[in-house]
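Residue 285 in the working numbering sits at position 283 of the sequence shown, with consecutive numbering throughout.
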Amino acid sequence: MKEVRVRFAPSPTGALHIGGVRTALYNFLLARKHKGTMILRIEDTDQNRFVPGAEEYILESLAWAGIEIDEGVSKGGPYAPYKQSERKAIYQKYAQQLLNEGKAYYAFDTEQELEAMRERLKSLHSSDQQYGSGTRMQMKNSLTLSDEEVKQKISSGQPYVIRLIVPPNEDVKLNDLIRGEVHVNSSQIDDKVLMKSDGMPTYHLANVVDDYLMKISHVIRGEEWLPSAPLHVLLYKFFGWENEMPQFAHLPLLLKADGNGKLSKRDADKAGFPIFPLNWTDPKTKEFSTGFRENGYLPEALLNFLAFLGWNPGTEQEIFSIKELTEAFTLERIGKAGAKFDIHKAQWYNQQYLRTKTDEELTAYLLHSLEKESIECTKEKALKVCASMKERVTYPQDFWEHGKFFFITPTQFDEQLISKKWNDDVVKYLSSFVDEINQLSTIDALIAKSTLEKVAQTTSISSGKIMQMLRVALTGGAAGPDLMMTMEIIGKEETCNRILYALKNFKIKVS
Ligand code: GLU
């Protein structure tokens with residue numbers, strides 16, 4: 003196999019979409035698997051769509067996710083520069099080559115003239131309304147004007163573009179590693195603009211020239227680029243680079259969870275989940291979007307989740323470290339069908355990865371949250387809290403968000419449950435329980451348990467009947483970590499106080 007050199011080639015037109023992270027990941031996995039090179043190229047030739055901060059955002063997102071770049075923007079390398087706006091002269095040279103060889107031409111048509119052409123063809127009910135083999139000889143370009151006129155127009159500073167001469171009726175074949183053989187008749191392709199009037203190349207020219215010069219072996223990108231691929235194949239041919247043409251792999255679309263249509267930012271916003279890796283504020287609209295990072299997703303969990311959006315290992319195994327993914331990943335196992343983006347699966351991965359953390363690591367999350375709240379806590383207590391909550395958390399911040407009652411006496415209670423379950427038996431049981439604990443010097447989970455059993459016996463009330471009310475009294479809510487452990491952690495005094503508060507304030511519903 004040829005040396006594997008892959009590139010992630012985003013345009014800095016806004017925040018990186020999560021689909022872009024998946025594209026970067028697949029490139030990265032292939033590079034690592036074959037001990038190849040992962041390149042980051044910034045495709046910023048469309049000046050109108052340039053968004054300040056977007057490039058930095060891309061770099062930070064990849065760094066956070068752990069997708070390492072070997073060569074490219076911010077890293078350098080033998081084919082620098084890796085930012086297309088800094089490679090203008092290179093594209094001009096290659097456009098000139100095509101002009102010299104009669105494979106491209108200057109076109110001077112104004113926007114109005116192009117519009118008039120389309121209108122004319124429309125009124126003739128022509129099926130072919132593009133600037134191409136059927137129309138180019140009626141337009142204002144270097145194929146229809148004399149050399150003198152062309153020279154004069156250029157020297158007088160008239161705006162022009164350079165277009166490719168796309169031959170009619172040729173079968174353009176593309177071998178996509180995911181989709182198989184794709185055939186397109188060249189008559190469907192218009193004479194694409196290669197160089198724009200601002201002296202910048204279009205995406206097509208810059209992309210092909212750079213993939214060639216940077217010795218890219220595989221172009222792995224989103225399915226939305228598949229329609230452009232035949233044109234790219236033509237360009238490789240025109241340049242005489244067929245033998246150096248990279249292999250193509252167009253990745254399946256990311257779909258909504260129900261499989262109905264493309265996943266959009268609007269859907270994500272509506273359902274309340276992020277679609278960008280990091281927080282992002284659009285510099286123009288000031289619209290703020292939350293990121294996976296800030297929502298508490300662990301990068302390794304997110305990558306594992308993303309890896310499975312379109313690819314599968316062919317086994318039941320779902321948890322894969324990056325190293326395991328690298329070993330198992332092959333382009334052949336990427337499917338054609340769109341991949342359903344189910345945020346619950348991402349949450350599940352996050353839970354699984356959190357559970358693999360050591361208690362020390364989990365404690366650090368909690369202590370971090372507590373520090374922000376200016377709440378002091380011993381390491382010992384934090385360790386216990388985390389151990390008791392570990393199986394129930396989805397995000398690192400849940401230790402604090404769902405475990406506030408370990409640190410702050412609850413002031414809000416599940417009133418609905420209280421009105422259903424708070425009764426004479428509960429009052430009798432809990433009063434007796436408080437009395438018992440009060441006589442002890444301290445409690446721990448075991449003592450709490452045996453004391454509860456003792457009270458059940460003396461009152462002849464089963465503890466099963468009062469457990470939920472005890473939980474509401476201690477934590478405010480109806481669900482949470484092990485209650486005995488909760489009592490051990492908050493301690494004897496706080497346990498008594500909270501039960502006494504409930505005894506005083508919870509009301510028995512009279513029906
Ligand atoms: N600049 C294109 C993008 O923004 C890259 C497409 C490709 O990888 O060829 O997605």
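Idealized CB from N, CA, C, for every residue including glycine.
Computed from a prediction, not measured in an experiment: that's the story for all the values here.
| Asked | Found |
| --- | --- |
| When LYS264, ALA33 and GLY21 are compared against SER63, the one with the closest alpha-carbon | GLY21 |
| Opposing strand residues paired with PHE10 [DSSP bridges] | LEU42 |
| Reference MET486; option with closest CA among TYR503, LEU454, MET471 and LEU179 | LEU454 |
| Heavy atom of the ligand GLU within 6 Å of TRP227 beta-carbon | yes |
| ALA11 Cβ short of 6 Å to the ligand GLU heavy atom set | yes |
| Rounded separation between ILE321 and THR461 - CA only | 49 Å |
| C-beta contact flag for LEU419 and ALA480 at 7 Å | yes |
| C-beta contact flag for PHE331 and LEU61 at 7 Å | no |
| For ALA447, the first and last residue of its enclosing alpha helix (DSSP H) | 447–461 |
| Per-residue burial, ASN177 [other beta carbons within 10 Å of its own, 16 or more giving buried] | exposed |
| 8 Å contact criterion, which GLN399 and SER371 should meet: CB distance rounded | 6 Å |
| Cβ neighbours of PRO54 in the same chain (closer than 6 Å, five flanking residues each side left out) | PRO285 |
| N-terminal and C-terminal residue of the alpha helix (DSSP H) that ARG122 is part of | 113–125 |
| Cα-Cα separation, MET471 to THR380 | 29 Å |
| First through last residue of the alpha helix (DSSP H) which encompasses GLY493 | 485–507 |
| Closer than 6 Å: ARG223 CB and nearest the ligand GLU heavy atom | yes |
| Straight-line gap, TYR107 to PRO80 (C-alpha atoms, nearest Å) | 32 Å |
| 3-residue-minimum beta strand (DSSP E) runs that sit fully inside the region 22–110, ordered along the chain | 39–42 and 106–109 |
| Buried or exposed by the 16-neighbour rule on C-beta atoms within 10 Å, applied to GLU403 | exposed |
| Helix, strand or coil at THR283 [DSSP, three-state] | strand |
| The region 261–279 touching the region 237–247, judged by at least three CB pairs closer than 8 Å | no |
| Any non-hydrogen atom of the ligand GLU within 6 Å of SER45 CB | For clarity, residue 45 is Glu in the given sequence; the question names Ser instead. Yes, since a heavy atom of the ligand GLU falls inside the 6 Å radius drawn around the Cβ of GLU45. |
| Alpha-carbon spacing of THR488 relative to ALA447, whole angstroms | 8 Å |
| 3-residue-minimum beta strand (DSSP E) runs that sit fully inside the region 125–186, ordered along the chain | 163–166 and 173–178 |
| Sub-7 Å separation of GLU57 and GLN86 beta-carbons | no |
| Beta-carbon spacing of HIS206, LYS217 below 7 Å | no |
| Local conformation of PRO203 per DSSP, three classes | strand |
| Simplified DSSP state of VAL387, which is helix, strand or coil | helix |
| CA nearest to the CA of LEU442, picked from THR497, ILE410, GLU150 and SER390 | THR497 |
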